[in-house]
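Novice: Numbering (the working numbering), first residue to last: 111 to 585.
Please read through the structure below; I'll follow up with questions.
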Ligand code: CA
C-alpha cells in the first residue's frame with residue numbers, strides 16, 4: 111500500500127436527522143445540496159444502522175466503537191466514563207489536533223467531561239437553539255445567535271488556526287432535535303403542503319402490542335411546544351393529524367435547511383483552503399427518525415426509519431466519487447474507519463469493523479452478515495417503547511421485545527409479556543406484517559433465532575432471562 115498524507119477529519123453529526131429528509135437519499139420533501147455534495151464526492155451508505163436508536167447511546171457507540179452493553183451507555187441518563195478509549199483519544203495520542211463543538215449529551219463533570227480534545231465547547235445536555243450556553247474546559251460561556259450558525263462559526267475559527275498539522279474536528283449539531291426551532295431566515299420555506307408518507311395512516315394491525323403501546327403518534331402526542339400554534343378548531347381528527355404533520359415538518363425541515371448551510375460552509379472552507387481532497391469529511395446523524403411514517407415522530411424502535419442513520423463520507427484522494435453501498439454497516443464501525451484512515455491502530459475494546467477497505471476498493475467484501483440492535487429504555491415516560499433486541503440481515507429482521515426495564519435508569523420496571531416480530535424486508539419493506547407466527551416462515555424464524563443468540567453472545571451481551579434457549583444451544 112502506498113504512503114498517504116495523514117488526512118484531516120471533519121465529522122458533522124446531527125441529532126435526529128432522518129434519511130428521508132436528505133435529497134441524496136431520495137427525499138421527496140426537501141433538498142440538501144451540501145450533504146448531497148459529500149455523497150457525490152464519495153460514498154453514500156444506504157444501510158448504515160445504529161445499535162441503539164437513542165441520542166446518548168449512539169454517541170457513545172460512535173466515539174468508542176462499542177455496543178451499549180460494552181460502553182455501559184444504555185439510556186439517556188447513563189454517562190460515558192472517560193475511562194473508555196475513543197477514536198479521539200487514539201488520534202490525540204498519535205499526534206492529531208482534536209476539537210469538539212456541539213451536542214455532547216454524554217455527561218458532565220469530573221470523569222465525564224469530553225476527553226481527548228485539545229479544545230471543546232459543548233452544549234449542556236440538550237442545549238438551547240438561541241443564544242446557547244456552552245461548557246468548556248475553562249467554564250461556561252454564552253454566544254449570541256442561532257445554535258447551528260454559532261457551532262459552525264466556532265468550528266471554522268478553530269479549523270483556520272490549525273495550519274498544516276493533521277486535525278480532527280467534531281461538529282455535532284443540536285438540530286434538528288425537538289422542539290424544532292428554526293432560524294427566522296427560513297420561515298418562508300416549506301409553506302406548500304408537504305407530501306404524506308405512504309404509511310401515515312398505519313393502524314399497526316399486522317404487528318404486536320409494542321407498536322400499539324407506543325405514544326409517538328403525531329395525531330395524539332405532538333404537544334403545544336412542538337406545534338407552536340393551536341390547530342384550527344373546525345378540523346376533525348384526521349384533518350388535525352395532517353395539520354400537525356405539516357406544522358411538524360415545516361419546522362423540522364427549516365432546521366435541516368440551516369444544517370445544510372453549515373455543511374456547505376464547512377466543506378467550502380476545506381475547498382477554499384485546498385484541504386478537501388485530503389480530508390475525510392463525514393456527515394451522519396445519531397439515528398434515524400420518523401417523519402410521519404407509521405403516523406409517528408421520534409425514534410427508539412428497531413424499525414427501519416429509526417434504525418437507519420444517514421451516513422455519507424468523502425475522501426477524494428483515496429475514495430472514488432459517486433458510489434452507494436447497501437452493505438450492512440453500523441455506527442460502531444465509524445471509530446475504526448477513522449483510525450484506519452489515520453493509520454492508527456484501533457484500541458482492542460472496539461467491536462466494529464473498519465470500512466476503509468470497502469471505501470478505497472481494496473476489499474469490497476461485506477463486514478457483517480447481521481446487525482445487532484438493543485434498546486434498553488423500556489416504557490420510558492416519553493414514548494413508552496418496550497425494551498427489545500434483535501438482528502437485521504440483508505433480507506430479514508427478527509425482534510424480541512423482552513419488555514422489562516430491569517431496573518435501568520430512566521426506564522419503567524413494569525413488565526409486559528414478551529413478544530416476537532419477524533419481517534421479510536424484501537416483500538414488506540414498510541414492516542407492516544410480522545411473519546413470526548406464519549408457518550411458511552418457521553424455518554427462517556428458527557435460523558434467525560439461532561443467529562441472534564450466537565451473535566449476541568459473540569458480542570459479549572447476554573440474552574434476557576425471559577428468552578427461551580433455542581434448540582441446539584445451552585443457556
Ligand atoms: Ca438523536
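The beta carbon of each residue, even a glycine, is placed where N, CA and C say it ideally should be.
Since the structure is predicted, the reported quantities are computational estimates derived from the model, not experimental observations.
Could you check whether the region 487-506 touches the region 455-474, counting it as contact only if at least three pairs of C-beta atoms, one from each stretch, sit closer than 8 Å?
Specialist: no
Novice: Within 10 Å of its beta-carbon, does residue 547 have 16 or more other beta-carbons around it, so buried, or fewer, so exposed?
Specialist: For the purposes of this step, residue 547 is identified with residue 437 of the chain shown, where counting begins at 1. With fewer than 16 Cβ atoms within 10 Å of its Cβ, residue 547 is classed as exposed.
Novice: Output the distance between the C-alpha atoms of residue 566 and residue 172, rounded to the nearest integer angstrom.
Specialist: In the chain shown, counting from the first residue as 1, residue 566 sits at position 456. In the chain shown, counting from the first residue as 1, residue 172 sits at position 62. Annotation: residue 566 to residue 172 spans about 19 Å, alpha carbon to alpha carbon.
Novice: Please report how far the alpha carbon of residue 393 lies from the alpha carbon of residue 154, in whole angstroms.
Specialist: Your numbering for residue 393 matches position 283 in the chain shown. Your numbering for residue 154 matches position 44 in the chain shown. Straight-line Cα distance between these residues: approximately 10 Å.
Novice: Around ligand 1, what residues have a beta-carbon under 5 Å from a heavy atom of it, in chain order?
Specialist: 125, 126, 165, 396
Novice: Can you confirm whether the region 366-386 touches the region 248-259 when touching is taken to mean that 3 or more C-beta pairs between the two stretches lie within less than 8 Å?
Specialist: yes
Novice: So, do the region 356-366 and the region 291-300 have three or more beta carbon pairs nearer to each other than 8 Å?
Specialist: yes
Novice: Under a Cβ-count criterion, where at least 16 other Cβ atoms within 10 Å of its own Cβ denotes burial, should residue 277 be classed as buried or exposed?
Specialist: Reading the chain shown from its first residue, position 167 is the one you call residue 277. Looking at its Cβ environment, which holds 16 or more other Cβ atoms inside 10 Å, residue 277 is buried.
Novice: Have a look at residue 246 and residue 482 and give me their C-alpha separation to the nearest angstrom.
Specialist: Working through the chain shown from its first residue, we reach residue 246 at position 136. Working through the chain shown from its first residue, we reach residue 482 at position 372. Cα to Cα, the separation comes out at about 35 Å.
Novice: Report the residue ranges of all alpha helix (DSSP H) runs contained in full by the region 428-509; include only those spanning at least 4 residues, in chain order.
Specialist: 444-452, 466-470
Novice: Excluding sequence positions up to five away, which residues of its chain have a Cβ less than 6 Å from the Cβ of residue 111?
Specialist: Along the chain shown, read from residue 1 onward, the residue named residue 111 stands at position 1. Below a pLDDT of 50, predicted positions are generally treated as unreliable, and residue 111, at 42, falls in that range; no measurement from the model is reported.
Novice: Taking residue 249 as the reference, which of 323, 389, 220 has the closest Cα?
Specialist: Looking up residue 249 in the chain shown gives position 139. Residue 249 has its Cα closest to that of 220, out of 323, 389, 220.
Novice: Would residue 354 be called buried (16 or more neighbouring beta carbons within 10 Å of its own) or exposed?
Specialist: Here residue 354 refers to the residue found at position 244 when the chain shown is read from its first residue. The residue in question, residue 354, is buried, as its Cβ has 16 or more Cβ neighbours within 10 Å.
Novice: Name the two residues that bound the continuous beta strand (DSSP E) containing residue 587.
Specialist: With the chain running from 111 to 585 in the structure shown, residue 587 is simply not present.
Novice: Quick one: is residue 409 buried, meaning 16 or more other Cβ sit within 10 Å of its Cβ, or exposed?
Specialist: Position 299 of the chain shown holds residue 409. Result: buried.
Novice: What do you reckon, are the CB atoms on residue 510 and residue 500 nearer than 8 Å?
Specialist: Position 400 of the chain shown holds residue 510. Position 390 of the chain shown holds residue 500. Yes, the pair counts as a contact, with Cβ atoms nearer than the cut-off.
Novice: Looking only at its chain, what residues have a beta carbon closer than 6 Å to the beta carbon of residue 468, apart from the 5 residues adjacent to it on each side?
Specialist: Walking along the chain shown from the start, residue 468 turns up at place 358. Same-chain partners within the cutoff: 474.
Novice: Do three or more CB pairs link the region 399-413 to the region 322-330 at distances below 8 Å?
Specialist: yes
Novice: Over what stretch of residues does the beta strand (DSSP E) that includes residue 534 continue unbroken?
Specialist: Against the chain shown, residue 534 aligns to sequence position 424. Residues 529-534.
Novice: Who pairs with residue 209 in a beta bridge, going by DSSP?
Specialist: Translated into positions along the chain shown, residue 209 becomes position 99. DSSP, once it has assigned bridges, lists 229, 279 as partnering residue 209.
Novice: What did DSSP end up calling residue 366 once you bin it into helix, strand or coil?
Specialist: Within the chain shown, numbered from 1, the residue matching residue 366 stands at position 256. Residue 366: helix per DSSP, three-state reduction.
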